[in-house]
Every structure is written in C-alpha cells, then in structure tokens.
C-alpha cells in the first residue's frame with residue numbers, strides 16, 4: 511500500500527491504481543480462505559471508500575483497471591472491523607470516527623468513539639488531536655484548545671509534525687476569536703519549524719490579514735510574500751497563494767477585511783453576532799461581489815442556528831448576482847442542498863448538488879466535491 515501512496519505523490523496515477531488493485535486482490539485472497547478474518551475488512555472498507563472518492567484525475571486509470579468503490583459497502587466493512595476485528599479493531603474505530611466526523615457529519619457518533627479511544631489510550635496524541643479537530647467542528651473551541659495544547663506540549667519525538675499542526679490549530683482558534691497576537695505566536699512557530707509545506711500558505715495569509723486588521727500594512731506585506739510557500743495540492747494553500755498575489759498588488763480594503771472578520775465569527779461559533787454584523791454590512795454601499803459573499807455567510811450562520819428555511823432563502827438569493835467570486839455560487843448550491851435535506855426536500859437537495867457539480871476551477875473545489883459526494887450518499891440512504 512505504501513507503493514500506492516508513493517506513486518500518487520509522483521502523480522503516476524495508473525501505477526498507483528495498479529498497486530491498489532494488487533493490494534485489494536491480496537485482501538480478497540485472504541478473505542476467500544477465511545471470511546471470518548475480520549481484520550481484513552478494515553482494508554476493504556478503506557479501499558471502497560477511497561475509490562468512491564477518487565478525484566477526477568484518477569478516473570481514466572480506475573476505468574482502465576476496472577476498479578469501482580462503493581461508500582456504503584466500505585462503511586459496512588469498516589464498521590464490521592471496528593466491532594469484530596482483533597488486530598485492526600482500534601485502527602478501524604479511529605478511521606470510522608474520521609469518516610463520521612469529516613464526511614457523514616455524524617458528530618455524536620464520532621465523539622463517542624474518540625472519547626472512548628482517548629479514555630483507553632490517554633497518551634495517544636493522534637487520538638487527542640482528532641478529538642480536538644472534532645471539537646472545532648462542533649464549535650467547542652475551549653475544549654479543542656485544551657486538547658491541542660496537550661499535543662503541542664507533548665515530548666513525544668515521534669510526533670513532531672503533529673505537534674506543529676496542533677500549534678497551527680491553536681493559532682486558528684485564536685485567529686477566529688480575534689486574538690491576533692496570540693494567533694501569530696503559534697502561526698510563526700509553525701512557519702519556522704514545520705518540516706513540510708502543508709498549510710504554510712494559508713498560515714502566512716492569516717498572519718498577514720491579522721496585521722491588516724490592526725492597520726499594520728508593512729508587516730502584512732511581508733507575510734503575503736510567503737503565501738506561495740504552501741502545498742500546491744491543498745485547497746487552502748492554493749487559495750492563499752492566489753489571494754496573497756492579489757494583496758501584494760492591492761491591499762484589501764476595509765469592506766473586504768470586514769468580511770474576513772465576519773467569517774471568523776462564524777468559525778468561532780458566534781452566529782448571532784455574525785448575523786447582526788452581516789445585516790449592518792448589507793446596509794452599506796458595497797459591491798455586488800461583496801453583497802453576494804455576505805449573503806452566503808448569512809445562509810451559513812442561519813444553518814448552524816438550525817434555521818434551515820432562512821438558510822435556504824439566503825443561499826438562493828446568491829444567484830441574483832452575476833458579479834461574485836467563482837467559489838461563491840457552488841458553495842451556495844451546497845448550502846441550499848444541505849438546508850433542503852434538513853427540510854426533507856430530497857429532490858431539491860439532489861438538484862442543488864447537480865448544479866454545484868457543474869462548476870469547476872474555483873477555490874476549495876476539492877473540499878466541496880467531497881462534501882457534495884457524501885451529501886449525495888446521505889440523501890440516497892433516506
């Protein structure tokens with residue numbers, strides 16, 4: 511399986527697919543000899559889920575190799591391994607928690623698994639880091655910060671990079687809360703010490719913006735120059751690189767900065783405060799691009815408050831604007847789809863997913879494609 515990852519890193523997709531196919535063949539051979547060897551089902555589960563989520567760049571190679579994957583089959587296998595596996599039980603539980611948390615949005619189920627894993631393996635910093643990530647998703651930032659701090663303070667030299675990511679995550683929490691000096695302390699440490707380029711671009715962008723929020727344009731420019739140092743395969747870093755280049759030529763104005771700050775309010779779980787700020791912002795003389803983005807954020811905030819009809823109305827209102835950033839409308843489709851799902855308008859939700867999939871070449875496209883794929887999967891389970 512390591513050879514599959516190696517080929518993927520080098521963008522040798524056909525070789526990667528063939529290695530994955532070979533690995534899957536070995537697992538099938540093993541299960542043909544003993545169908546009750548439950549540990550093997552973890553690999554089959556991950557294989558099915560991974561293939562079902564493979565990016566478009568893999569499609570030709572997968573078709574040529576005759577390989578398909580099914581999310582439900584993968585999920586069933588993974589759940590089986592987590593319940594009956596012997597050697598892979600713990601790993602299967604962890605992977606299952608990540609799929610629940612990242613894609614199926616089954617936060618309670620993910621939290622139950624991760625709490626149990628952390629209780630049984632209190633020194634396992636990966637489990638603690640995963641729990642903190644989940645707590646960020648449910649806006650439990652104080653407990654998330656405690657768990658990230660535990661990882662960040664760890665003396666385990668085998669998990670150095672995880673420690674740096676925990677520091678970056680602490681920076682993200684402080685950044686979303688508007689505590690910019692504290693955020694910069696962790697962000698700068700991450701930029702200086704992290705051993706690979708993952709998320710260095712978005713971190714540099716946030717440092718730059720944090721300086722601009724306080725009126726320090728010279729310091730901001732220094733970090734906008736560093737936004738190209740991220741990983742070109744990560745959505746956040748691609749976004750940061752492009753925005754950094756734009757801001758080096760022309761710094762964002764007060765209104766654009768205000769939108770960044772309001773987005774931070776949503777990330778921090780301050781939904782009512784964000785809605786109040788957005789309503790005031792929309793009363794101002796702003797561009798259609800800014801108005802469309804503000805309305806999108808209203809949809810997001812109302813969704814998290816459980817006001818799904820309002821969320822849907824604001825998501826649809828985005829389509830009244832011809833001038834907006836390319837990423838805004840596909841995200842509006844997703845917001846409309848998820849609100850429709852909660853309102854039990856399944857046909858509408860499927861239509862919005864279809865509309866969203868028509869968009870290409872926009873910010874955070876890979877992230878959104880994953881969300882759309884799993885939302886579509888959940889709709890079919892209804």
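Numbering (this note's numbering), first residue to last: 511 to 892.
Positions of the beta carbon are idealized from the N, C-alpha and C atoms, including for glycine.
Quick caveat: nothing in here was measured; it's all calculated off a predicted structure.
Output the distance between the C-alpha atoms of residue i and residue j, rounded to the nearest integer angstrom.
{"i": "residue 626", "j": "residue 689", "result": "32 Å"}
{"i": "residue 831", "j": "residue 676", "result": "39 Å"}
{"i": "residue 511", "j": "residue 848", "result": "Residue placement at residue 511 is poorly supported in this model, since its pLDDT is 42, which falls under 50; the coordinates are not used for a value here."}
{"i": "residue 778", "j": "residue 598", "result": "36 Å"}
{"i": "residue 608", "j": "residue 620", "result": "7 Å"}
{"i": "residue 698", "j": "residue 801", "result": "33 Å"}
{"i": "residue 787", "j": "residue 749", "result": "25 Å"}
{"i": "residue 882", "j": "residue 804", "result": "22 Å"}
{"i": "residue 878", "j": "residue 590", "result": "29 Å"}
{"i": "residue 890", "j": "residue 761", "result": "45 Å"}
{"i": "residue 632", "j": "residue 685", "result": "28 Å"}
{"i": "residue 648", "j": "residue 776", "result": "12 Å"}
{"i": "residue 540", "j": "residue 747", "result": "41 Å"}
{"i": "residue 726", "j": "residue 767", "result": "13 Å"}
{"i": "residue 869", "j": "residue 837", "result": "9 Å"}
Give the range of the alpha helix (DSSP H) segment to which residue i is assigned.
{"i": "residue 843", "result": "838-852"}
{"i": "residue 742", "result": "Unbroken run through residue 742: none, as it is neither H nor E."}
{"i": "residue 828", "result": "Segment: none, residue 828 is in no alpha helix (DSSP H) and carries neither H nor E."}
{"i": "residue 671", "result": "670-687"}
{"i": "residue 801", "result": "798-814"}
{"i": "residue 721", "result": "710-723"}
{"i": "residue 637", "result": "635-647"}
{"i": "residue 881", "result": "875-891"}
{"i": "residue 735", "result": "Taken as a continuous stretch (DSSP letters only), residue 735 belongs to no alpha helix (DSSP H), as it is neither H nor E."}
{"i": "residue 582", "result": "581-594"}
Relative to the alpha-carbon of residue i, which residue among the options has its alpha-carbon at the smallest distance?
{"i": "residue 693", "options": "715, 597, 661", "result": "715"}
{"i": "residue 751", "options": "843, 713, 696", "result": "713"}
{"i": "residue 813", "options": "883, 806, 821", "result": "821"}
{"i": "residue 758", "options": "766, 746, 728", "result": "728"}
{"i": "residue 885", "options": "775, 874, 641, 863", "result": "863"}
{"i": "residue 709", "options": "741, 878, 541", "result": "741"}
{"i": "residue 634", "options": "798, 661, 730, 650", "result": "661"}
{"i": "residue 858", "options": "843, 870, 871", "result": "843"}
{"i": "residue 550", "options": "586, 610, 738, 561", "result": "586"}
{"i": "residue 604", "options": "618, 615, 636, 671", "result": "636"}
{"i": "residue 850", "options": "824, 874, 720", "result": "824"}
Given a cut-off of 7 Å on the beta-carbon distance, is the pair residue i and residue j in contact?
{"i": "residue 796", "j": "residue 784", "result": "no"}
{"i": "residue 700", "j": "residue 718", "result": "no"}
{"i": "residue 809", "j": "residue 865", "result": "no"}
{"i": "residue 641", "j": "residue 652", "result": "no"}
{"i": "residue 558", "j": "residue 538", "result": "no"}
{"i": "residue 798", "j": "residue 833", "result": "yes"}
{"i": "residue 656", "j": "residue 664", "result": "no"}
{"i": "residue 861", "j": "residue 818", "result": "no"}
{"i": "residue 611", "j": "residue 602", "result": "no"}
Using only the heavy atoms of the ligand PLP, determine whether one of them is closer than 6 Å to the beta carbon of residue i.
{"i": "residue 648", "result": "This structure does not include the ligand PLP; it has no bound ligands of any sort."}
I'd like to know whether the C-beta of residue i is nearer than 7 Å to at least one C-beta of chain B.
{"i": "residue 719", "result": "This model lacks chain B altogether, as it is built from one protein chain only."}
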